[in-house]
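Quick notes on the structure that follows.
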Amino acid sequence: MFDRLKLGLNHILPKKWLTELAGWGASRRGGWLTKLVIDIFVWFYKVDMAEARKPDTASYRTFNDFFVRPLKDDARPVDADANLIALPADGAISQLGHIDGDQIFQAKGHHYTLEALLAGNEQMAARFVDGEFVTTYLAPRDYHRVHMPCNGILREMIYVPGDLYSVNPLTARNIPNLFARNERVICYFETDIGPMVQILVGATIVGSIETVWAGTITPPREGVIKRWHYPAADDEGAVVLLKGQEMGRFKLGSTVINLFAPGRVKLAESLEAESKTRLGQPLAIALPVATDVSDVIVD
1 MFDRLKLGLN
11 HILPKKWLTE
21 LAGWGASRRG
31 GWLTKLVIDI
41 FVWFYKVDMA
51 EARKPDTASY
61 RTFNDFFVRP
71 LKDDARPVDA
81 DANLIALPAD
91 GAISQLGHID
101 GDQIFQAKGH
111 HYTLEALLAG
121 NEQMAARFVD
131 GEFVTTYLAP
141 RDYHRVHMPC
151 NGILREMIYV
161 PGDLYSVNPL
171 TARNIPNLFA
181 RNERVICYFE
191 TDIGPMVQIL
201 VGATIVGSIE
211 TVWAGTITPP
221 REGVIKRWHY
231 PAADDEGAVV
241 LLKGQEMGRF
251 KLGSTVINLF
261 APGRVKLAES
271 LEAESKTRLG
281 QPLAIALPVA
291 TDVSDVIVD
C-alpha cells in the first residue's frame, strides 16, 4: 500500500517545481539553520562524516557544500592496475550485465533500448550493441561525486532533458523506460578498452548535475537537447581524465550508468543487483581483443 502511494506521488507531484525549490534551498547560506538541517540529515541517513575531508558539519556554508563534500585523500584507494576497471561511485548496483542486442535490463519485466538511452544517437548506440552495462544507484547517504572507471578522452557530451522521476529501486521496478525518460548527461569517452559511456541521470530533487570540465550542466532546464564535441588527446582543449579522477557530481540524488563495447570487459563476478559499491574497487577487468570472456575470472 505504501509503495503504491509513493509511486502515485511520483506521477502527480510537480517534480520540476519541487526540484527547483530544493536546489534553491540547498544553495542558500542559512547559518545555524543550515547546520541543523545537515545534522538531521547526517543522523537520519547515518552518513559517515569521519571519512569527509571536513568532518565538522559547521564548516559547510550551504547544504550543497555538504552534499558534495570531498573525502579524505586516502578514503577511496584506486587500484593502479591498468587492466582493472574501477567502480565510479559509492552506492549500490541497480542492475548490471550483458546488453542483449540493443536491450538493457532495468528490472524484472522492464527493458529499454540503447538508442532511447542515448537520445536517438544511432551511431553511438551501435557501438554498444551486445556490450556490457552497469547501473549504480547513489542513495542519499552516499558520497555524491562520480569518478572515472578507467583512463579516458572525452569526445562528446549530450544533455538530454526529460522527466525527473525518483530513481530508487522501487521506481526502477515499476516505471517503464525510467532511465531513458529522465533528464541525463551523456559523456562519451575514448579509452584503452574502446568506447565507454558514463551517464549521469537526474531525478526528483537533483538540483544540479555538474562535470569537472564544463561546470553546471543543469539547471537551467530549457527543454532542448544540447551537444558538445571535444578534440582528440593531442589537440588543444582536449579533456583527458585518468582512472579515479573526479568527472562529475550530483547536488542531490541519483544514478550513474556505464556502457562498454562488446568483448572489451568482463564484469566482476562478485557484483550483482543490490551489491554495495565503493569507489575505486573492482568493476571489471579489461579483455584482450577477441579473447573468450569465459576464460577470464575477476575475484
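Per the numbering used here, the sequence shown starts with residue 1, numbered consecutively.
No residue lacks a Cβ here, since even glycine has one placed at the ideal position from N, Cα and C.
Since the model is a prediction, treat every value here as computed from it, not as a measurement.
N-terminal and C-terminal residue of the alpha helix (DSSP H) that residue i is part of
i	result
Arg123	The amino acid occupying residue 123 in the given sequence is Gln; Arg does not appear at that position. It spans 122 to 126 - the alpha helix (DSSP H) in which Gln123 sits, taken as one unbroken run.
Val47	Taken as a continuous stretch (DSSP letters only), Val47 belongs to no alpha helix (DSSP H), as it is neither H nor E.
Leu71	From DSSP, Leu71 is part of no alpha helix (DSSP H); its letter is neither H nor E.
Leu117	114 to 117
Asn64	63 to 67
Segment limits, beta strand (DSSP E) that includes residue i
i	result
Thr255	255 to 260
Glu246	246 to 251
Tyr143	Segment: none, Tyr143 is in no beta strand (DSSP E) and carries neither H nor E.
Val239	239 to 241
Lys266	265 to 267
Tyr159	152 to 160
Beta carbon of residue i nearer than 9 Å to that of residue j
i	j	result
Met196	Leu259	yes
Arg305	Val160	As shown, the chain starts at 1 and ends at 299. That puts residue 305 outside it, with no answer to give.
Ala92	Glu274	yes
Pro103	Ala172	It should be noted that the sequence gives Gln, not Pro, for residue 103. Not a contact, by the Cβ cut-off of 9 Å.
Ile158	Arg227	yes
Gly202	Thr218	yes
Glu190	Gly152	yes
Beta-bridge pairing of residue i - partner residues as DSSP gives them
i	result
Gly91	Thr277
Pro282	Ala86
Ser208	Lys251
Ala107	His110
Asp100	Gln103
Phe133	Gly97, Leu259
Asp56	BP columns for Asp56 are empty, so no partner.
Trp228	Met157
Asp234	According to DSSP, which records beta bridges pairwise, Asp234 is partnered with nothing at all.
Asp163	Asn182
Minimum Cβ-Cβ distance from residue i to chain D less than 9 Å
i	result
Asn174	The structure shown contains no chain D, having only a single protein chain.
I'd like to know if the stretch 24 to 37 and the stretch 60 to 79 are in contact, where contact means that at least 3 CB-CB pairs between them fall below 8 Å. Yes, they touch.
Completely contained beta strand (DSSP E) runs for the stretch 180 to 225, where each covers 3 or more residues: 184 to 191, 194 to 201, 208 to 211, 215 to 218
Could you tell me whether the stretch 249 to 258 touches the stretch 44 to 61, using the rule of 3 or more Cβ pairs below 8 Å? no
Please determine if the stretch 140 to 148 and the stretch 229 to 247 are in contact, where contact requires at least 3 C-beta pairs separated by less than 8 Å. yes
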